[in-house]
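Novice:
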Amino acid sequence: MKKKAVLALSDGMVFEGYSFGAEGETIGEVVFNTSMMGYQEILTDPSYRGQIVTMTYPLIGNYGINDEDVESKRPYVEGFIVKEAAEYPSNWRSKMTLNTYLKENNIVGIQGIDTRALTKHIRDFGAQIGIISAQDLDPENLLAKIKKHPGISAFDLVSDVTTKEPYKWAEGVWKLQPNLPSPPFNSPLSKGGDRGVRVVVYDFGVKFNILRNLVEAGFDVTVVPAQTPAEKVLEMNPDGVVLSNGPGDPETVTYAMENTKKLMGKKPIFGICLGHQILGLAMGGRTYKLKFGHHGGNHPVKDIKTGRVEITSQNHNYCVDIKSVNGQAKLTHKNLYDGTEEGMEHVELPIFSVQHHPEAGPGPHDSSYLFKRFTEMMKKG
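Offset between the sequence shown (1-based) and my numbering: plus 17.
(1) Mind reading off the beta-carbon distance from V178 to E42? Whole number of angstroms is fine, and I expect it under 8 Å.
(2) Quick one, which of K249, G288 and M281 has its alpha-carbon nearest F221's?
(3) Please state whether DSSP places P198 in a helix, a strand or coil.
(4) From the beta carbon of V318, is the nearest beta carbon of chain D less than 9 Å away?
(5) I think K347 touches V364, with their Cβ atoms under 8 Å apart; what is that distance to the nearest whole Å?
(6) From E58 to G378, what does the alpha carbon distance come to, in whole angstroms?
(7) What's the C-alpha gap between L24 and H138?
(8) Using a Cβ-Cβ cutoff of less than 7 Å, which residues in the same chain neighbour P267 once the five nearest sequence positions on both sides are dropped?
(9) At 4 residues or longer, what runs of the alpha helix (DSSP H) sit wholly inside the region 89 to 137?
(10) Decide if A273 is buried, meaning its Cβ has at least 16 other Cβ atoms within 10 Å, or exposed.
(11) With a threshold of 8 Å on Cβ separation, who are the neighbours of N230 within its own chain once the five nearest residues in sequence on each side are excluded?
(12) In three-state DSSP terms, what is L291?
(13) M72 and F97 - do their beta-carbons sit closer together than 9 Å?
(14) Is it true that the CB of V217 sits closer than 9 Å to the CB of T180?
(15) Starting from F329, follow the alpha helix (DSSP H) in both directions and report where the run begins and ends.
(16) Considering V214, what are the terminal residues of the beta strand (DSSP E) in which it resides?
(17) Within the same chain, show all residues whose beta-carbon is closer than 6 Å to that of N352, passing over the 5 residues directly before and after it, in chain order.
(18) Excluding the 5 residues preceding and the 5 following H382 in the sequence, name in chain order all residues of the same chain whose CB lies nearer than 6 Å to its CB.
(19) Report the three-state DSSP secondary structure of L206 (helix, strand or coil).
(20) Can you tell me the Cβ-Cβ gap for S284 and P255, rounded? I've got them flagged as a contact below 8 Å.
(21) Evaluate G380 with the Cβ neighbour count: other Cβ atoms within 10 Å of its Cβ, from every protein chain shown; 16 or more gives buried, anything less gives exposed.
(22) According to DSSP, is V223 part of a helix, a strand, or is it coil?
(23) State the Cα-Cα distance for the pair L228 and V371, rounded to the nearest angstrom.
(24) Judging by CA-CA distance, which residue of G67, Q244, K224 and Y105 is the nearest neighbour of I77?
(25) Could you tell me which residues DSSP pairs with M361 in its beta bridges?
(26) Let me know the secondary structure DSSP gives M253 once reduced to three states.
(27) In the DSSP assignment, find the unbroken alpha helix (DSSP H) run with A25 in it and report its ends.
(28) If you check the beta carbons only, do G34 and I127 fall under 9 Å apart?
(29) For T4 versus F236, is the C-beta distance shorter than 9 Å?
(30) Tell me the DSSP secondary structure of T61 in three-state form.
(31) Here's a check: name, in chain order, each residue in its chain whose Cβ is nearer than 6 Å to the Cβ of I130, leaving out the five neighbours to either side.
(32) What residues match up with I321 in a beta bridge as DSSP calls it?
(33) Considering T43, what are the terminal residues of the beta strand (DSSP E) in which it resides?
(34) Which partner residues does A39 have in the DSSP bridge list?
(35) Leaving out the 5 sequence neighbours to the left and right, which residues in its chain are closer than 8 Å to E101 when beta-carbon positions are compared?
(36) Is DSSP giving D237 helix, strand or coil here?
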């Protein structure tokens with residue numbers, strides 16, 4: 018017997034469906050992701066902390082869940098919305114169903130609703146706080162609970178997802194082969210060989226595939242907590258610094274802005290997604306929130322330097338207004354869907370950043386050249 022569940026949005030819109038995953042109640046900002054696959058990577062992307070993710074593709078879970086296709090140690094989404102969750106996955110790497118995975122990680126989900134109608138509603142009226150419940154099915158009660166939620170901009174979500182201790186990362190990009198070993202989660206600093214070019218990664222919610230691509234590009238990678246003082250990073254004397262992706266409103270991560278200011282001009286810096294936004298704020302610029310964000314693996318972006326158009330993986334609700342940095346940086350990438358700024362580089366210092374995800378996971382690999390660009394920038398320095 019399927020158990021009824023309800024999704025209610027802050028504007029009063031209600032969708033009725035069935036519970037899957039953990040039975041219970043969850044609240045968060047409802048967004049949609051247009052990727053046709055990669056649901057396991059999406060579930061485990063720390064940037065989704067505070068958000069309930071809607072998948073626009075109608076059948077999710079058809080290849081199950083495996084041990085390798087994760088972007089962090091556990092799922093971070095607040096809830097999961099699908100049209101239909103596959104009950105009988107088929108793939109030689111599958112270890113369990115999506116339903117079991119969500120249950121084991123206490124993630125509340127809802128299926129059986131018209132996800133395309135929900136997507137159109139979010140597109141027309143914007144991302145908003147919503148609640149999934151299999152316990153309380155009264156829309157008025159749910160709306161009252163939503164009204165008490167202050168919105169995700171009220172929280173420093175980076176503190177929830179960052180590592181507690183520094184660690185080394187030595188695993189490269191995954192190769193398609195059987196019997197893959199589990200990734201080296203939080204290997205102690207004493208492990209991992211020195212590969213020559215050392216980079217420190219600020220973990221604001223870093224995806225494993227960023228770390229894998231850095232190793233693949235030849236870096237010796239050390240990951241540090243988001244609150245690590247700039248002085249401590251400088252004592253480590255890396256050849257460069259990476260500001261990672263992460264969740265929430267960048268203006269809440271004030272400590273990251275202050276540390277970035279201290280690093281600018283002293284080390285080459287590469288920012289990705291939230292790291293891009295933090296760089297913009299550190300330059301004195303401003304960020305603004307998109308109506309419904311960019312979430313998916315099919316966003317066309319133009320590299321202004323080369324004129325090349327690449328299809329990118331994206332997951333962000335905020336953008337940097339590059340004009341607001343007062344000439345310190347220039348535009349390098351532009352989104353061809355809506356014209357928003359996708360990348361910038363400092364006019365004098367060895368600093369550049371992008372709003373999209375060059376590491377993919379999931380998504381196309383058109384932008385992976387940016388890791389090599391970071392290597393070349395440091396060699397010139």
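Every residue, glycine too, gets a C-beta built ideally from N, C-alpha and C. In this text the structure is predicted, and so the values were computed from the model without any measurement.
Specialist: Straight from the coordinates:
(1) For the purposes of this step, residue 178 is identified with residue 161 of the sequence shown, where counting begins at 1. For the purposes of this step, residue 42 is identified with residue 25 of the sequence shown, where counting begins at 1. Not confirmed; about 22 Å, so no contact.
(2) The count along the sequence shown starts at 1 and reaches residue 221 at position 204. The residue with the shortest Cα to Cα distance from F221 is G288.
(3) Numbered from its first residue, the sequence shown carries residue 198 at position 181. Low confidence applies to P198: its pLDDT is 49, below 50, so where it sits in the model is not reliable enough to give any reading.
(4) Considering every chain present, this structure includes no chain D. It has just one protein chain.
(5) Taking the sequence shown and counting its residues from 1, one reaches residue 347 at position 330. Taking the sequence shown and counting its residues from 1, one reaches residue 364 at position 347. Indeed, because the Cβ distance is near 6 Å, the residues count as touching under 8 Å.
(6) As a first step, residue 58 is located in the sequence shown; it is residue number 41 there, counting from the start. As a first step, residue 378 is located in the sequence shown; it is residue number 361 there, counting from the start. G378 has its alpha-carbon roughly 6 Å from the corresponding atom of E58.
(7) As a first step, residue 24 must be located in the sequence shown, where it is residue number 7. As a first step, residue 138 must be located in the sequence shown, where it is residue number 121. Distance between the alpha carbons of L24 and H138 is about 13 Å.
(8) The residue labelled residue 267 in the question sits at position 250 within the sequence shown. Scanning its chain for C-beta atoms nearer than 7 Å, with the 5 sequence neighbours on each side dropped, one finds around P267 the residues L291, Q294, I295, L298, T304 and Y335, in chain order.
(9) Under the rule that a run must span 4 or more residues, the alpha helix (DSSP H) segments found entirely inside the region 89 to 137 read 115 to 121.
(10) Residue numbering aside, residue 273 sits at position 256 when the sequence shown is read from its first letter. Taking a 10 Å sphere around the C-beta of A273, we find 16 or more other C-beta atoms and assign the residue as buried.
(11) As a first step, residue 230 must be located in the sequence shown, where it is residue number 213. If we look at N230 and ignore the five residues flanking it on each side, its Cβ neighbours are V190, P375, E376, S385 and F388.
(12) By 1-based counting over the sequence shown, the position of residue 291 is 274. Of the three classes helix, strand and coil, the one that applies to L291 here is helix, per DSSP.
(13) Translated into positions along the sequence shown, residue 97 becomes position 80. Translated into positions along the sequence shown, residue 72 becomes position 55. Yes; because the gap between Cβ atoms is below 9 Å, this pair is in contact.
(14) Within the sequence shown, residue 180 is the residue found at index 163, counting from 1. Within the sequence shown, residue 217 is the residue found at index 200, counting from 1. Not in contact: T180 and V217 (Cβ atoms no closer than 9 Å).
(15) Taking the first residue of the sequence shown as 1, we reach residue 329 at position 312. Going by the sequence as given, residue 329 is Thr instead of Phe. Premise fails: T329 lies in the beta strand (DSSP E), V326 to D338, not in any alpha helix (DSSP H).
(16) Here residue 214 is taken as the residue at index 197 of the sequence shown, counted from 1. Counting along the chain, the beta strand (DSSP E) containing V214 begins and ends at V214 to D220.
(17) To locate residue 352, count along the sequence shown from 1; it is residue 335. So the list reads V318 and E359, once near-sequence residues are dropped.
(18) Taking the first residue of the sequence shown as position 1, residue 382 is located at position 365. Result list for H382: empty, nothing under 6 Å.
(19) Within the sequence shown, numbered from 1, the residue matching residue 206 stands at position 189. For L206, the pLDDT reaches just 40, beneath the cut-off of 50, and the residue's location in the model is therefore unreliable, leaving the point undetermined.
(20) For the purposes of this step, residue 284 is taken as residue 267 along the sequence shown, with counting starting at 1. For the purposes of this step, residue 255 is taken as residue 238 along the sequence shown, with counting starting at 1. The amino acid occupying residue 284 in the given sequence is Lys; Ser does not appear at that position. Right, their Cβ atoms sit about 7 Å apart.
(21) Locating residue 380 in the sequence shown gives position 363, counting from the first residue. A residue is called buried when at least 16 other Cβ atoms come within 10 angstroms of its Cβ; G380 meets this threshold and is buried.
(22) Translated into positions along the sequence shown, residue 223 becomes position 206. Reduced to three states, the DSSP call for V223 is coil.
(23) Along the sequence shown, one-based indexing puts residue 228 at 211. Along the sequence shown, one-based indexing puts residue 371 at 354. Between the alpha carbons of L228 and V371 lies a distance of about 16 Å.
(24) Along the sequence shown, read from residue 1 onward, the residue named residue 77 stands at position 60. Selected option, being the one with the closest Cα: Y105.
(25) The residue you call residue 361 lines up with position 344 of the sequence shown. Per DSSP, L348 and S370.
(26) Residue mapping note: residue 253 aligns to position 236 of the sequence shown, counting from 1. When secondary structure is reduced to three states using DSSP, M253 falls in the helix class.
(27) For the purposes of this step, residue 25 is identified with residue 8 of the sequence shown, where counting begins at 1. From DSSP, A25 is part of no alpha helix (DSSP H) but of the beta strand (DSSP E) over K21 to L26.
(28) Taking the sequence shown and counting its residues from 1, the one referred to as residue 34 is at position 17. Taking the sequence shown and counting its residues from 1, the one referred to as residue 127 is at position 110. Their beta carbons are under 9 Å apart, which means G34 touches I127 by this criterion.
(29) Because the chain in this structure spans residues 18 to 398, residue 4 falls outside the shown range and cannot be described.
(30) Taking the sequence shown and counting its residues from 1, the one referred to as residue 61 is at position 44. Correct three-state label for T61: coil.
(31) In the sequence shown, counting from the first residue as 1, residue 130 sits at position 113. Correct list, in chain order: F32 and G34.
(32) Position 304 of the sequence shown, counted from the first residue, corresponds to residue 321. DSSP lists no partner for I321.
(33) If you number the sequence shown from 1, residue 43 lands on position 26. Residue range E42 to N50 is occupied by the beta strand (DSSP E) that includes T43.
(34) In the sequence shown, residue 39 corresponds to position 22, counting from 1. In the DSSP output, where bridge partners are listed per residue, A39 has V125.
(35) Reading the sequence shown from its first residue, position 84 is the one you call residue 101. Sequence-distant Cβ neighbours of E101 in its own chain, meaning closer than 8 Å and more than five residues away, are P75, L76, I77, Q128 and G129.
(36) Walking along the sequence shown from the start, residue 237 turns up at place 220. When DSSP states are grouped into helix, strand and coil, D237 belongs to the strand group.
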